[in-house]
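Visitor: If you scroll down you'll find the structure; I have some questions about it.
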Amino acid sequence: MAQVLSFGLRIRCSDARRTSSKPLKVAKTRPNTAIPTRSTGTRRNANRTYDINLEISPHRAVSAVRLMRIELGGAFADLLNERGKGSGDNEMGYVERTLGFRTRDLDDRDLRLVTDIVGGSIRWRRYLDHLIVSLCHDSKTFRSMEPLLLQILRIGFYEIVNLDMPPYAVVDENVRLAKVALRPGAGNMVNAILRKLVLLKEKNSLPLPKLEGDDRAQARALATLYSHPVWMVRRWTKYLGQEEAIKLMIWNNSEPSFSLRANSGKGFTRADLVMRLKMLKVPHELSPHLDNFVRIRTGMQIVIQAQLLKEGLCSVQDESAGLVVSVVDPQPGESIIDCCAAPGGKTIFMASCLSGQGMVHAIDINKGRLRILKETAKLLLVDDVITTVHADLCTFAKNNPVKSDKVLLDAPCSGLGVLSKRADLRWNRSLEDMEQLKNLQDELLDAAAILVKPGGVLVYSTCSIDPEENEERVAAFLQRHPEFCIDPVGRYVPSDFVTEGGFYFSNPVKHSLDGAFAARLVRSS
Numbered sequence: 082m083a084q085v086l087s088f089g090l091r092i093r094c095s096d097a098r099r100t101s102s103k104p105l106k107v108a109k110t111r112p113n114t115a116i117p118t119r120s121t122g123t124r125r126n127a128n129r130t131y132d133i134n135l136e137i138s139p140h141r142a143v144s145a146v147r148l149m150r151i152e153l154g155g156a157f158a159d160l161l162n163e164r165g166k167g168s169g170d171n172e173m174g175y176v177e178r179t180l181g182f183r184t185r186d187l188d189d190r191d192l193r194l195v196t197d198i199v200g201g202s203i204r205w206r207r208y209l210d211h212l213i214v215s216l217c218h219d220s221k222t223f224r225s226m227e228p229l230l231l232q233i234l235r236i237g238f239y240e241i242v243n244l245d246m247p248p249y250a251v252v253d254e255n256v257r258l259a260k261v262a263l264r265p266g267a268g269n270m271v272n273a274i275l276r277k278l279v280l281l282k283e284k285n286s287l288p289l290p291k292l293e294g295d296d297r298a299q300a301r302a303l304a305t306l307y308s309h310p311v312w313m314v315r316r317w318t319k320y321l322g323q324e325e326a327i328k329l330m331i332w333n334n335s336e337p338s339f340s341l342r343a344n345s346g347k348g349f350t351r352a353d354l355v356m357r358l359k360m361l362k363v364p365h366e367l368s369p370h371l372d373n374f375v376r377i378r379t380g381m382q383i384v385i386q387a388q389l390l391k392e393g394l395c396s397v398q399d400e401s402a403g404l405v406v407s408v409v410d411p412q413p414g415e416s417i418i419d420c421c422a423a424p425g426g427k428t429i430f431m432a433s434c435l436s437g438q439g440m441v442h443a444i445d446i447n448k449g450r451l452r453i454l455k456e457t458a459k460l461l462l463v464d465d466v467i468t469t470v471h472a473d474l475c476t477f478a479k480n481n482p483v484k485s486d487k488v489l490l491d492a493p494c495s496g497l498g499v500l501s502k503r504a505d506l507r508w509n510r511s512l513e514d515m516e517q518l519k520n521l522q523d524e525l526l527d528a529a530a531i532l533v534k535p536g537g538v539l540v541y542s543t544c545s546i547d548p549e550e551n552e553e554r555v556a557a558f559l560q561r562h563p564e565f566c567i568d569p570v571g572r573y574v575p576s577d578f579v580t581e582g583g584f585y586f587s588n589p590v591k592h593s594l595d596g597a598f599a600a601r602l603v604r605s606s
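Numbering (my numbering), first residue to last: 82 to 606.
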């Protein structure tokens, strides 16, 4: 899988995201004592008793703590989507350790709100912070805010401005959270700022920047209005033009849709998947590009709770990733190497195409993630055609004399094509990262090329839309390796995805899919 590196670039073939189990330290000026009797209670489990605050909105408490954990590097934004309803207990545990109390349990509506508020607050962070600073009238006040207080304000601003929730209910509940979790003065501050926001919104006079001035000034204004880093706005304006850059940012800020791939390894067809989705009343549509895929915009929690993923009947996989496998074109009997395989979505899809004949060698430097890949392969009944290899790709390529029919390098990349799903990624990426990533991609391409037998195929892919990570890396590789040539992908994917250079490219705005790139390169015999 093309790994999106968030906290460092030294890891070659595995995800750099980490989830910490350590509780966050929150500044307080008084203990979190219980508020009036009617609003609190106790709950006893087999081992202990803990306080429950029934007046605090559970989705706001969970959202505030999760947002702090994300910003401080202890979590990532899509965890609720991946774990579903069972994650509610985990989240409430973090609330208790961080704030000193629990709320009532999260129900399905609360889980949906947490997913919406956390993802939305992260996507719109720059925009929300601009409004908060404007209403504070003092950037120093903003910079000195406690992490929890800032997250409560972001939640309130997002609910009022973006979700159009009843404004005075939003004010009341966020004030209550600030008073109980921090102190009365914090609640008073939240109350004053949110009420000021409500008045400005009612008058349609939010303090927003104007799109005027030179290119730099316009980039700064667009970065605030559409909540992206300035360097991304300038980069996309350079490559795409301002109008297309705005369309891309709108896409990145929209609620992501998902695709499900029916697991043919268990004899579960797309027709079977459609029937189950109809029974669950989950809206869906068939993929026009891939036979095993179904699109859903809402209802992922329902799918998770129905155990479809846990039973191995289907997998969550974007069609853009599925089309990369189409570019590889795995055939029964072939030997295939997946160079940066974990967590294994493409590995497993390729294995399912082999019909029990051949082998996919899944290489990754992260042993734990390889173990998960192996367990998933066993669940989906394709473990007989997958061999996991715990190794650094460069070292493995130098020491391994065996060549394969096909090699997939789904390279570590910036992830600029998946910003709709990875809400936090835009804030964890810098312009300096791009240079380091390009060097890493070149190094890995050179290593992958060693593993391709004469007449064999090397597929280079990313989940980036940046030409410097895509076409330019391929061009540089071909200069270093004249024994390879481009095999146009028009035979393997719909023509709408084929570039003038013969590469596969999924454009988020044009195709309504994640952004992705793939080049198919053939080694001379």
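Even glycine gets a Cβ: it sits at the ideal position worked out from N, Cα and C. Predicted model, so just to flag it, every value in this text is computed and none were measured.
1. Which same chain residues end up closer than 6 Å to Glu-580 when comparing Cβ atoms and leaving out the 5 residues on each side of it in sequence?
2. Is the beta carbon of Ser-485 less than 8 Å from the beta carbon of Gly-414?
3. Within its chain, find whatever has a CB closer than 6 Å to the CB of Glu-152; leave out the 5 residues flanking it on each side and keep chain order.
4. From Ile-203 to Leu-229, what does the alpha carbon distance come to, in whole angstroms?
5. Can you give the beta carbon distance from Asp-410 to Tyr-573, rounded, assuming they're within the 8 Å contact cut?
6. Identify the continuous beta strand (DSSP E) that holds Pro-535 and give its terminal residues.
7. Following the continuous beta strand (DSSP E) through Arg-342, name the residue where it begins and the one where it ends.
8. Consult DSSP for Met-330 and reduce its assignment to one of helix, strand or coil.
9. Based on Cα-Cα distance, which residue from Gly-294, Pro-139, Leu-532 lies nearest to Ser-416?
10. Can you give the beta carbon distance from Ile-429 to Ala-458, rounded, assuming they're within the 8 Å contact cut?
11. Using DSSP with H/G/I as helix, E/B as strand and the rest coil, what is Leu-490?
12. Taking the alpha-carbon positions, what's the Lys-319 to Pro-290 distance?
13. Would you check if the distance between the CB atom of Leu-539 and the CB atom of Pro-493 is smaller than 8 Å?
14. Whole angstroms is fine: what's the gap from Met-330's alpha carbon to Gly-437's?
15. From the DSSP output, in three-state form, read off Tyr-573 for me.
16. Can you give the beta carbon distance from Gly-322 to Ser-433, rounded, assuming they're within the 8 Å contact cut?
17. Would you call the segment 364 to 373 and the segment 471 to 480 in contact, with 3 or more CB pairs under 8 Å?
18. What first and last residue would you give for the alpha helix (DSSP H) that runs through Leu-354?
19. Suppose you measure from the CA of Asn-498 to the CA of His-309; what does that come to, to the nearest Å?
20. Just verifying my parser: in three-state terms, what is the DSSP assignment at Arg-125?
21. Short of 6 Å in beta carbon distance, which residues of its chain neighbour Leu-451, apart from the five on each side in sequence? Order them along the chain.
22. From which residue to which residue does the alpha helix (DSSP H) around Arg-190 run?
23. Does DSSP classify Thr-465 as helix, strand or coil?
24. Considering Cys-475, what are the terminal residues of the alpha helix (DSSP H) in which it resides?
25. By alpha-carbon positions, which one of Val-488, Lys-359, Lys-591 ends up nearest to Val-405?
26. Measure from the alpha carbon of Leu-263 to the alpha carbon of each residue in Cys-421, Trp-317, Val-146, Ala-443, then state which is nearest.
27. Tell me the rounded alpha-carbon separation between Pro-117 and Lys-260.
28. In this structure, what does DSSP give as the bridge partners for Val-603?
29. In or out: Pro-589 buried (at least 16 other Cβ within 10 Å) or exposed?
30. Where does Tyr-208 fall in DSSP's three states?
31. Name the residue from Asn-171, Leu-278, Asp-191, Gly-154 whose alpha carbon lies nearest to the alpha carbon of Ile-621.
Guide: So, to answer that:
1. Note on identity: in this sequence residue 580 is Thr, with Glu being the wrong assignment. Phe-586.
2. no
3. none
4. 14 Å
5. 5 Å
6. 533 to 543
7. 339 to 343
8. helix
9. Leu-532
10. 6 Å
11. strand
12. 21 Å
13. no
14. 43 Å
15. coil
16. Rounded, the Cβ-Cβ distance is 40 Å, inconsistent with contact.
17. no
18. 351 to 360
19. In the sequence as displayed, the identity of residue 498 is Gly instead of Asn. Whole-angstrom Cα-Cα distance: 14 Å.
20. Caution is warranted here: a pLDDT of 49 is assigned to Arg-125, below 50, making its placement in the model unreliable, and no coordinate value can be reported.
21. Ala-423, Asp-445, Thr-469, His-471
22. 189 to 204
23. According to the sequence displayed, residue 465 carries Asp and not Thr. Reduced to three states, the DSSP call for Asp-465 is helix.
24. 474 to 480
25. Val-488
26. Val-146
27. Any reading at Pro-117 must be qualified, since the residue scores a pLDDT of 37, below 50, and its modelled position is unreliable; no value is offered.
28. Val-538, Cys-566
29. buried
30. helix
31. A query on residue 621 cannot be resolved here, the shown segment of the chain reaching from 82 to 606 and no further.
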